[in-house]
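Please read the structure below before turning to the comments.
Residue numbers (the UniProt record's numbering): 1 to 357.
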């Protein structure tokens with residue numbers, strides 16, 4: 001049986017498969033492709049990086065992770081979460097928001113992240129499926145949720161239960177800090193307690209902000225040791241005084257080398273810290289993680305767990321794209337009152353790897 005290549009760029013078909021008529025499917029046209037006359041080495045390298053992680057491999061590991069020298073993280077089994085919510089474009093009143101949560105599965109290396117996605121209420125920023133209890137007529141109260149599932153998978157992967165939780169949350173404005181912290185921290189604790197009575201590992205909750213107007217410049221532009229080739233500040237530059245909050249735990253980190261234009265640092269807000277990170281330890285951990293991003297060999301501007309969550313949520317939107325028709329949606333069913341269609345179940349062989357990379 002031969003399949004027509006209509007599904008080559010279909011994200012839905014790649015993750016969930018397609019139903020094919022058991023009868024023979026013919027190819028209408030066929031031709032022999034000539035070998036390319038010019039090969040872009042960088043392009044092939046980038047494709048190879050993506051193939052490797054989607055096949056279950058890893059591209060980068062921190063030397064300190066191999067030697068178990070990462071403060072706090074290497075001392076006890078630590079799971080690092082990343083979470084993000086993507087919203088539909090303006091004018092799409094019936095499309096749901098997509099929430100994604102990823103979590104590291106390979107302590108102490110902390111490079112492989114399993115991802116889960118879910119659809120939720122239109123324009124809802126709080127992640128509703130972090131933890132939930134479903135009443136089953138036969139089983140009674142059934143505990144579920146993305147945090148719980150990822151904690152269970154971490155234990156299966158490492159044979160250890162997490163003793164520390166670090167949660168990087170992307171896409172939250174300052175006006176939503178308290179609301180998101182109270183709701184999602186409570187969901188994390190309930191998910192832990194549902195696995196084992198008295199199981200409450202310390203949690204560090206960090207909000208990642210990229211959309212701001214702050215830019216950092218070297219004090220002496222003439223000193224080549226203080227700038228990179230593009231004239232930007234050096235990667236690894238941290239600012240945690242003067243322009244930061246006088247009493248709260250926040251800092252600006254420029255973890256990447258600028259290629260073109262002015263580098264934009266990422267603003268990290270530590271809203272809750274039960275692991276008792278010092279400023280230096282949190283900044284060092286965040287900066288070092290930026291060198292483990294699977295899709296390139298450079299450091300990136302956003303900590304990879306948050307980056308991966310964004311990619312997973314963005315990819316999940318393709319699963320529902322085209323299923324909701326604006327013309328068939330009445331005004332009464334738009335926005336927050338619109339029906340939330342659950343995302344299709346991802347195949348197990350896809351779910352166990354970084355399919356979103």
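Note that beta-carbon positions come from the ideal geometry of N, C-alpha and C, so glycine has one too.
Buried versus exposed call for residue i [16 or more other C-beta atoms within 10 Å across all chains shown]
| i | result |
| --- | --- |
| residue 208 | buried |
| residue 139 | exposed |
| residue 44 | exposed |
| residue 185 | buried |
| residue 142 | exposed |
| residue 261 | exposed |
| residue 263 | buried |
| residue 35 | exposed |
| residue 55 | exposed |
| residue 104 | buried |
| residue 134 | exposed |
| residue 24 | Confidence in residue 24 is poor, its pLDDT being 47 and thus under 50, which makes the residue's placement unreliable; the coordinate value appears in the next sentence. Burial call: exposed. |
| residue 213 | exposed |
| residue 297 | exposed |
| residue 269 | buried |
| residue 422 | Absent from the structure is residue 422, since the part of the chain shown begins at 1 and ends at 357. |
| residue 128 | buried |
| residue 265 | buried |
| residue 40 | exposed |
| residue 98 | buried |
| residue 287 | buried |
| residue 233 | buried |
| residue 349 | exposed |
| residue 301 | buried |
Distance between beta carbons of residue j and residue i, contact taken as under 8 Å
| i | j | result |
| --- | --- | --- |
| residue 74 | residue 106 | Contact doesn't hold; Cβ gap of about 13 Å is too wide. |
| residue 360 | residue 310 | Nothing can be reported for residue 360, as the shown portion of the chain is limited to 1 through 357. |
| residue 148 | residue 77 | In fact, because the Cβ distance is near 17 Å, the residues do not count as touching under 8 Å. |
| residue 115 | residue 308 | 6 Å |
| residue 282 | residue 113 | Going by Cβ atoms, the distance from residue 282 to residue 113 rounds to 19 Å, so no, they are not a contact pair. |
| residue 110 | residue 82 | Not a contact, Cβ separation roughly 11 Å. |
| residue 240 | residue 279 | 6 Å |
| residue 299 | residue 342 | Wrong, their Cβ atoms sit about 37 Å apart, outside the cutoff. |
| residue 203 | residue 167 | 6 Å |
| residue 122 | residue 95 | 7 Å |
| residue 187 | residue 253 | With a Cβ gap of about 27 Å, residue 187 and residue 253 do not count as contacting. |
Which listed residue (the options) has its alpha carbon closest to that of residue i
| i | options | result |
| --- | --- | --- |
| residue 87 | 295, 120, 159, 80 | 120 |
| residue 256 | 303, 271, 240, 272 | 303 |
| residue 316 | 352, 339, 300, 356 | 356 |
| residue 198 | 101, 235, 163 | 163 |
| residue 177 | 126, 215, 214, 227 | 126 |
| residue 124 | 132, 145, 85, 137 | 85 |
| residue 182 | 205, 243, 134 | 205 |
| residue 217 | 238, 284, 200 | 238 |
| residue 92 | 352, 320, 348, 150 | 320 |
| residue 231 | 258, 348, 245 | 258 |
| residue 145 | 168, 165, 117, 284 | 117 |
| residue 79 | 305, 314, 313, 340 | 305 |
| residue 165 | 179, 175, 150 | 150 |
| residue 60 | 289, 233, 313, 202 | 289 |
| residue 70 | 108, 53, 39 | 108 |
| residue 245 | 174, 347, 211, 195 | 174 |
| residue 313 | 100, 57, 42, 52 | 100 |
| residue 284 | 136, 62, 53, 211 | 62 |
| residue 211 | 226, 172, 347, 351 | 172 |
Per-residue DSSP class, three states only, for residue i
| i | result |
| --- | --- |
| residue 343 | coil |
| residue 256 | coil |
| residue 354 | coil |
| residue 132 | strand |
| residue 348 | helix |
| residue 180 | helix |
| residue 64 | helix |
| residue 292 | coil |
| residue 138 | coil |
| residue 85 | strand |
| residue 315 | helix |
| residue 442 | Shown here, the chain extends from 1 to 357; a query on residue 442 therefore has no answer. |
| residue 224 | helix |
| residue 120 | strand |
| residue 211 | coil |
| residue 48 | helix |
| residue 243 | coil |
| residue 277 | coil |
| residue 271 | strand |
| residue 206 | strand |
| residue 99 | strand |
Chain D contact for residue i (CB, 9 Å cutoff)
| i | result |
| --- | --- |
| residue 169 | The structure shown contains no chain D; it holds only a single protein chain. |
Counting pairs of beta carbons, one from the stretch 145-155 and one from the stretch 289-299, are three or more of them closer than 8 Å?
-> no
So does the stretch 270-277 actually touch the stretch 45-53, counting three or more Cβ pairs closer than 8 Å?
-> no
Do the stretch 65-79 and the stretch 178-193 touch if we need at least three Cβ pairs shorter than 8 Å?
-> no
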